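Chains as they are written, first to last, in the numbering used here: chain C, 11 to 278; chain X, 5 to 109.
Ideal Cβ positions, reconstructed from N, Cα and C, are used throughout, including at glycine.
Here the structure is a predicted model, which is why all the values come from computation and not from measurement.
To keep things clear, I will list the structure first and then write my remarks on it.
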């Protein structure tokens with residue numbers, strides 16, 4: 011009985027070993043394709059072919075298995091070194107902060123960055139606070155139309171965004187300040203008044219709106235009325251290395267011109 | 005540390021040493037793994053980095069996979085800049101710390 015069991019175990023072990031060795035090349039090729047498919051697109055085709063060829067060139071199944079298993083580490087390092095945009099701050103923290111901001115009704119002053127970035131940020135706040143967005147372009151407002159436009163826009167369920175607030179004329183600045191201080195908007199045509207129930211967000215493409223205050227072209231009292239929660243967006247400045255990683259090209263392929271040129275646009 | 009200086013790890017030096025030992029021969033990733041006993045997770049990121057830095061040059065085998073009846077191999081050679089960097093880096097190491105390929109050729 012004992013001998014029969016020993017022979018049975020030996021046969022079974024040899025069968026399992028044979029099965030294992032038969033499967034190893036197949037499993038290794040699958041692993042190679044799996045890891046290569048998770049590398050940056052610009053390298054994917056090259057690495058699939060290169061790794062498959064090198065796998066075939068290695069002797070023995072154990073070496074093949076080790077090779078294929080360790081490609082996980084290769085993939086991680088390659089992906090990390092060719093990451094596209096390196097954020098200056100962790101995004102989850104930004105969203106947590108924006109969520110806290112969306113819970114309040116305090117006025118926001120967004121400065122710096124591109125207008126697109128400002129628009130995205132304001133949209134996120136509106137989305138998180140379940141409110142509609144209404145935009146007012148200060149560049150195209152005359153002194154008379156500011157209060158009229160505000161009167162038509164204010165509503166409890168919305169956020170009114172004053173784009174390029176630094177472009178308001180001194181008269182409009184005075185009108186806006188009065189609206190913010192009174193908490194009421196008056197329709198000049200009918201004389202009717204409405205409570206300012208909307209949240210006000212002002213944006214400015216100037217990184218330093220306070221400089222305008224010091225130079226006397228922007229009212230100090232209005233600045234402090236708007237600047238309850240200041241949000242400054244950093245400019246996306248990059249060299250060719252980052253542009254190259256975004257485009258999937260090698261930095262040398264981007265060329266000498268870009269290598270020496272700073273990109274002052276935004277990432278989009 | 006200068007702007008153009010290249011940081012070389014022990015494993016990177018092992019790879020450069022393997023290239024110098026091979027003289028002008030072209031090496032594949034598998035050759036380098038055999039010669040240096042490094043793992044694939046170490047070899048390939050270094051190869052890509054060295055190629056980007058201009059220390060290595062690579063090309064595919066000339067023949068098509070249909071003729072070869074296997075995938076084409078990627079062949080790497082040391083550039084003049086790579087050879088100079090390798091010699092300078094290895095010259096700084098005096099015996100008994102001169103690197104030797106672990107498994108030979």
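According to the neighbour-count rule (16 or more other Cβ atoms, all chains shown, within 10 Å of its Cβ), is residue 85/C buried or exposed? Residue numbering aside, residue 85/C sits at position 75 when the first chain is read from its first letter. Classification for residue 85/C: buried.
With a Cβ-Cβ cutoff of 9 Å, do residue 190/C and residue 219/C count as a contact? Residue mapping note: residue 190/C aligns to position 180 of the first chain, counting from 1. Residue mapping note: residue 219/C aligns to position 209 of the first chain, counting from 1. Taking 9 Å as the Cβ cut-off, residue 190/C and residue 219/C do not qualify as a contacting pair.
Between the C-alpha atoms of residue 13/C and residue 75/C, what's the straight-line distance to the nearest angstrom? Reading the first chain from its first residue, position 3 is the one you call residue 13/C. Reading the first chain from its first residue, position 65 is the one you call residue 75/C. Between the alpha carbons of residue 13/C and residue 75/C lies a distance of about 35 Å.
Indicate whether residue 169/C and residue 143/C have their beta-carbon atoms separated by less than 9 Å. By one-based count along the first chain, residue 169/C stands at place 159. By one-based count along the first chain, residue 143/C stands at place 133. The answer is yes: Cβ separation under 9 Å.
Beta-carbon spacing of residue 32/X, residue 77/X below 9 Å: Within the second chain, the letter at position 28 stands for residue 32/X. Within the second chain, the letter at position 73 stands for residue 77/X. With respect to residue 77/X, residue 32/X sits close: the two C-beta atoms are nearer than 9 Å.
Quick one: list the residues of chain X neighbouring residue 116/C, beta-carbon separation under 7 Å, in chain order. As a working note, residue 116/C is residue 106 in the first chain. The contact set of residue 116/C on chain X, defined by CB atoms closer than 7 Å, is empty, because the minimum CB distance reaches about 46 Å.
If distances are taken between C-alpha atoms only, which option among 14/X, 44/X, 38/X and 60/X comes closest to residue 87/X? The residue given as residue 87/X occupies position 83 in the second chain. When only C-alpha atoms are compared, the closest one is 60/X.
Rounded C-alpha distance that separates residue 12/X from residue 91/C: Residue 12/X sits at position 8 when you count from the first residue of the second chain. Residue 91/C sits at position 81 when you count from the first residue of the first chain. In this structure, the alpha-carbon of residue 12/X lies about 16 Å from that of residue 91/C.
Residue of 149/C, 173/C and 19/C minimising C-alpha distance to residue 131/C: In the first chain, residue 131/C corresponds to position 121, counting from 1. Comparing Cα positions, the closest option is 173/C.
Just list the residues that DSSP pairs residue 210/C with in beta bridges. Counting from one through the first chain, the residue named residue 210/C turns up at place 200. 170/C.
Give the residues of chain C in contact with residue 52/X, contact being defined as C-beta atoms less than 7 Å apart. On the second chain, position 48 is the one that residue 52/X refers to. For residue 52/X, the chain C residues whose C-beta falls within less than 7 Å of its own C-beta are 88, listed in chain order.
Only counting the same chain, and skipping five residues up and downstream in sequence, which positions put a Cβ closer than 6 Å to that of residue 71/C? Residue mapping note: residue 71/C aligns to position 61 of the first chain, counting from 1. If we look at residue 71/C and ignore the five residues flanking it on each side, its Cβ neighbours are 31 and 34.
Can you confirm whether residue 47/X, when its beta carbon is compared against all beta carbons of chain D, has any partner nearer than 9 Å? Looking for chain D here will not work: the only protein chains present are C and X.
Interface flag, residue 35/X vs chain C, CB-CB below 9 Å: Position 31 of the second chain, counting from 1, holds the residue named residue 35/X. Interface criterion met: the Cβ of residue 35/X is under 9 Å from a Cβ in chain C.
With 9 Å as the C-beta to C-beta threshold (strictly closer), list the residues of the stretch 50-70 of chain C near chain X in chain order. Interface annotation for the stretch 50-70 of chain C against chain X: 53, 56, 57, 58, 59, 60, 61, 62, 63, 64, 65, 66, 67, 68 and 69, criterion Cβ-Cβ distance under 9 Å.
Using the three-state DSSP reduction, which class does residue 142/C fall into: helix, strand or coil? One-based indexing of the first chain puts residue 142/C at position 132. In the displayed model, residue 142/C falls within a strand according to three-state DSSP.
Contact under 9 Å by Cβ, residue 37/C with residue 63/C: Against the first chain, residue 37/C aligns to sequence position 27. Against the first chain, residue 63/C aligns to sequence position 53. Not in contact: residue 37/C and residue 63/C (Cβ atoms no closer than 9 Å).
Contact set for residue 97/C: own chain, Cβ-Cβ below 7 Å, skip 5 residues either direction: Within the first chain, the letter at position 87 stands for residue 97/C. For residue 97/C, the pLDDT reaches just 44, beneath the cut-off of 50, and the residue's location in the model is therefore unreliable, although a value from the coordinates is still provided. No residues qualify anywhere along the chain.
For a quick check, are the C-beta atoms of residue 176/C and residue 214/C less than 9 Å apart? Stepping through the first chain from its first residue, residue 176/C is reached at position 166. Stepping through the first chain from its first residue, residue 214/C is reached at position 204. One thing to note: residue 176/C has its Cβ within 9 Å of the Cβ of residue 214/C.
With 16 other Cβ atoms within 10 Å as the buried cut-off, status of residue 240/C: Taking the first residue of the first chain as position 1, residue 240/C is located at position 230. Answer is exposed; the Cβ neighbour count stays below 16.
Endpoints, the beta strand (DSSP E) within which residue 61/X is located: Sequence index remark: in the second chain, residue 61/X carries index 57 (1-based). Secondary structure note for residue 61/X: its beta strand (DSSP E) is the uninterrupted segment 60-64.
Cβ-based burial, residue 248/C [other Cβ within 10 Å; buried from 16]: As a first step, residue 248/C is located in the first chain; it is residue number 238 there, counting from the start. Its pLDDT being 46, under 50, residue 248/C is placed unreliably in this model, and the coordinates cannot settle the point.
Nearest to residue 151/C by CA position, among 137/C, 135/C, 194/C and 181/C, is which residue? Against the first chain, residue 151/C aligns to sequence position 141. Residue nearest to residue 151/C within the set 137/C, 135/C, 194/C and 181/C is 181/C (criterion: CA-CA distance).
Where residue 40/C meets chain X, residues with beta-carbon distance less than 7 Å: Taking the first residue of the first chain as 1, we reach residue 40/C at position 30. Correct list: empty, because the minimum Cβ distance to chain X is about 15 Å.
Reducing DSSP to helix, strand and coil, say where residue 236/C ends up. By one-based count along the first chain, residue 236/C stands at place 226. Of the three classes helix, strand and coil, the one that applies to residue 236/C here is helix, per DSSP.
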